[in-house]
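First up is the structure itself, then whatever we jot down about it.
There are 2 protein chains.
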Amino acid sequence: VLAEHWEECDIDLGPEQVLTRVIKEGRRLISEIGRRPDELAGVGVGLPGPVEQATGRPISPPIMPGWDGFDVPGFLDAEFGRVAIVDNDVNIMALGEHFSVYPGVQNLVFVKVATGIGSGIIIDGELRRGSQGAAGDLGHLNVPHDEQVVCRCGNVGCLEAVASGAAVAAKLRAVGIEAHTSADVVRLVKAGSVEAVPLVRQVGRTIGEVLASVVSMLNPSVIVVGGPLAEAGEGLLAGVREVVYRRSLPLATQHLRIVQAQVGYQAGVIGASVEVIDHALAADQLHTLLASA
Amino acid sequence: VLAEHWEECDIDLGPEQVLTRVIKEGRRLISEIGRRPDELAGVGVGLPGPVEQATGRPISPPIMPGWDGFDVPGFLDAEFGRVAIVDNDVNIMALGEHFSVYPGVQNLVFVKVATGIGSGIIIDGELRRGSQGAAGDLGHLNVPHDEQVVCRCGNVGCLEAVASGAAVAAKLRAVGIEAHTSADVVRLVKAGSVEAVPLVRQVGRTIGEVLASVVSMLNPSVIVVGGPLAEAGEGLLAGVREVVYRRSLPLATQHLRIVQAQVGYQAGVIGASVEVIDHALAADQLHTLLASA
Chain A
1133 VLAEHWEECD IDLGPEQVLT RVIKEGRRLI SEIGRRPDEL AGVGVGLPGP
1183 VEQATGRPIS PPIMPGWDGF DVPGFLDAEF GRVAIVDNDV NIMALGEHFS
1233 VYPGVQNLVF VKVATGIGSG IIIDGELRRG SQGAAGDLGH LNVPHDEQVV
1283 CRCGNVGCLE AVASGAAVAA KLRAVGIEAH TSADVVRLVK AGSVEAVPLV
1333 RQVGRTIGEV LASVVSMLNP SVIVVGGPLA EAGEGLLAGV REVVYRRSLP
1383 LATQHLRIVQ AQVGYQAGVI GASVEVIDHA LAADQLHTLL ASA
Chain B
1133 VLAEHWEECD IDLGPEQVLT RVIKEGRRLI SEIGRRPDEL AGVGVGLPGP
1183 VEQATGRPIS PPIMPGWDGF DVPGFLDAEF GRVAIVDNDV NIMALGEHFS
1233 VYPGVQNLVF VKVATGIGSG IIIDGELRRG SQGAAGDLGH LNVPHDEQVV
1283 CRCGNVGCLE AVASGAAVAA KLRAVGIEAH TSADVVRLVK AGSVEAVPLV
1333 RQVGRTIGEV LASVVSMLNP SVIVVGGPLA EAGEGLLAGV REVVYRRSLP
1383 LATQHLRIVQ AQVGYQAGVI GASVEVIDHA LAADQLHTLL ASA
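Each protein sequence line maps, in turn, to chains A and B.
Numbering of the first sequence is given in the working numbering, commencing with residue 1133 and proceeding in unit increments.
Numbering of the second sequence is given in the working numbering, commencing with residue 1133 and proceeding in unit increments.
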């Protein structure tokens, strides 16, 4: 990573405003390191919703008003004159973690536990997106025998409604403890809060119920738990492991590792770069092939 | 299919006895059509348990005593002098259905509902087996909010323990109706039994609970329900659809088809043949490549 910039952004402002801001900061970063936009191999973008792989357009993203079907690659291409690769944000985090820490692992599931819960699935060495780019939508899997909280998707019993950072913070507020974000929860856990520690352990168990199904279906060899709530560390992971090793068949768990993410906030940046590099190399190979034909 | 033979076989007899019988019938079929064993491209085999892809050996198969780690390909190669490709039986059924009916579909899940319940997963056009060949093990996914029946795997709440052909037959016997196999249940449904029809519909709903998770995770465009209990037809499928369309997110279901298997008992034979042909063609390409190098 040659240069970086971080800021919160209100996705509700819509694509033109948000992407114009991204372009401005992108141009500033390029000039900061003394390079030119035409030296870019491409631009990689992660969005918090499903993205149609062929077009790079968000499709019916539940938390991105105004973005449905917007031509994100076209908007960025026009500015940078370079191809823009757009993908779901959890997918690029999965790619970043896989590339950086588990390059030889063929089957890996990356789970992001944040305000929502999502996952990126690598099978036989490649990220898998499904037919509409909606694969990995772990957050709305049904949690067996759990309380019937109504989820923002309109269903009841969704994992995300009971085990996300937002859900834990709400439970803490209900017992009079000030907490709003995953970071607040993590801070409380690290301080040894007698309310927060068992709640996070229980969240780990609930996530474990759903991951046990994923293990039986996909037989991965590594599950990486990342996102802000994973910063709570072993308390969360212990809950996950406890249920996965109890619920899944021995054959699927005998060589399974369940680990905390290592790359942190840069996972998405690295994963998006990997996608751009793959695309650029594939185009190079195509040119070589066409030139030799 | 040039020649075929069907018989029930007791897998408990162990690999030598069962495979010796297979070899004898195989040789008879080849001579029946006036061909020689050395004209075979290979031998394809499906086994009712997890198979290690690299070696073709069954690994910890729960219902195949004496088969664990047995060198099935070696035993058959020695007899036929041709490569034997061994895979899980539901995997080859998935391949057979995919090859025969949905050759252009990239993401397909095939579910076999029989004495047990299993699935074969095709993602981005290829069958996916997971790290130990255990992928697709749908039968031991936890069913939300269902009765706590103990499964043969030792856990409670497994899909297979409440929604297999064996489970339905047991429920029918509990109300005094003679039924032992999936075929018995199907016969009762076709005859309009007031006990069997609603039970099978409910089994469809229960399978739908688990398939809703599969849809959210993998975003397939086709789910094929096969195996003997699927012969019950629309009653079972209606239950599956009812729950999948209610539980899964709209994006993942808008283009999803849930259909009954069409190929029937030959699906496994066709799928095993497809695997052998793929292997033979890959070997051919390798020879051409080595010859030209």
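Even for Gly, the Cβ is constructed at its ideal location relative to N, Cα and C.
Straight through space, the alpha carbons of K1303 of chain B and K1322 of chain B are spaced by roughly 18 Å. For F1212 of chain B, the three-state secondary structure derived from DSSP is helix.
Shown here for Q1185 of chain B: same chain residues with a beta carbon closer than 7 Å to its own, the five before and five after excluded, namely R1261, G1265 in chain order. Annotation for I1254 of chain B: the continuous beta strand (DSSP E) segment containing it runs 1249 to 1255. In this structure, A1412 of chain B places its C-beta atom within 9 Å of the C-beta atom of V1215 of chain B. For I1409 of chain A, the uninterrupted alpha helix (DSSP H) segment begins and ends at 1399 to 1424. By the criterion of at least three beta-carbon pairs nearer than 8 Å, the segment 1140 to 1150 of chain A is in contact with the segment 1190 to 1205 of chain A.
At a C-beta separation below 7 Å, G1268 of chain A has these neighbours in chain B: M1349.
For the options B:R1167, B:G1166, B:E1140, B:I1165, the alpha carbon positioned closest to that of V1154 of chain B is the one of B:E1140. Runs of beta strand (DSSP E) with 3 or more residues, each lying fully within the segment 1148 to 1210 of chain A, are found at 1175 to 1179, listed in chain order. Residue B:L1208 holds the alpha-carbon nearest to the alpha-carbon of R1189 of chain B among B:L1208, B:G1174, B:L1172. Of A:R1379, A:L1381, A:G1358, A:L1388, the smallest CA-CA separation from G1400 of chain A is found for A:G1358. In the DSSP secondary-structure assignment, V1241 of chain B is bridged to B:I1253, B:I1355. At a cut-off of 9 Å, the C-beta of C1141 of chain B has no neighbouring C-beta in chain A. Along the segment 1149 to 1183 of chain B, going in chain order, the ones with a CB nearer than 8 Å to a CB of chain A are P1182. By DSSP's assignment, R1333 of chain B forms no beta bridge with any residue.
Put simply, the CB of S1314 of chain A is far from chain B, with every gap to its CB atoms at 9 Å or more. The segment 1154 to 1172 of chain B makes no contact with the segment 1348 to 1364 of chain A, as fewer than three CB pairs between them are under 8 Å. The DSSP-derived three-state label of N1223 of chain A is helix. For E1366 of chain B, the enclosing alpha helix (DSSP H) begins and ends at 1366 to 1379.
Within chain A, the residues whose beta carbon sits less than 8 Å from that of H1387 of chain B are S1263, Q1264, listed in sequence order.
Under the DSSP assignment, R1261 of chain B falls outside any alpha helix (DSSP H); it carries neither an H nor an E label.
In this structure, L1273 of chain A keeps its C-beta atom at 9 Å or more from the C-beta atom of D1221 of chain A. In this structure, V1395 of chain B and G1228 of chain B form a Cβ contact; the two beta carbons are roughly 6 Å apart against a cut-off of 8 Å. For the 9 Å CB-CB criterion, A1328 of chain B and V1375 of chain B do not form a contact. Taking the C-beta atoms as reference points, A1364 of chain B is found nearer than 9 Å to V1332 of chain B.
Pairing S1263 of chain B with N1239 of chain A gives a Cβ-Cβ distance under 9 Å. Looking at the DSSP output, N1287 of chain A sits in no beta bridge, so it has no partner there.
As a beta-bridge residue in DSSP terms, R1389 of chain A pairs with A:V1354. The C-alpha of E1164 of chain A lies about 53 Å from the C-alpha of Y1234 of chain B. Any Cβ of chain B closer than 9 Å to the Cβ of N1239 of chain A would place that residue at the interface, and such an atom is present.
Under the criterion of beta carbons closer than 8 Å, G1271 of chain B and I1253 of chain B do not qualify as touching, at roughly 14 Å.
Within the model, the alpha-carbon separation for E1136 of chain B versus G1166 of chain B is close to 14 Å.
Against I1191 of chain B, the close residues of chain A are L1383, in the order they occur along the chain (beta-carbon pairs closer than 8 Å). Residue-level contact by beta carbon holds for L1273 of chain B and chain A, with a gap shorter than 9 Å.
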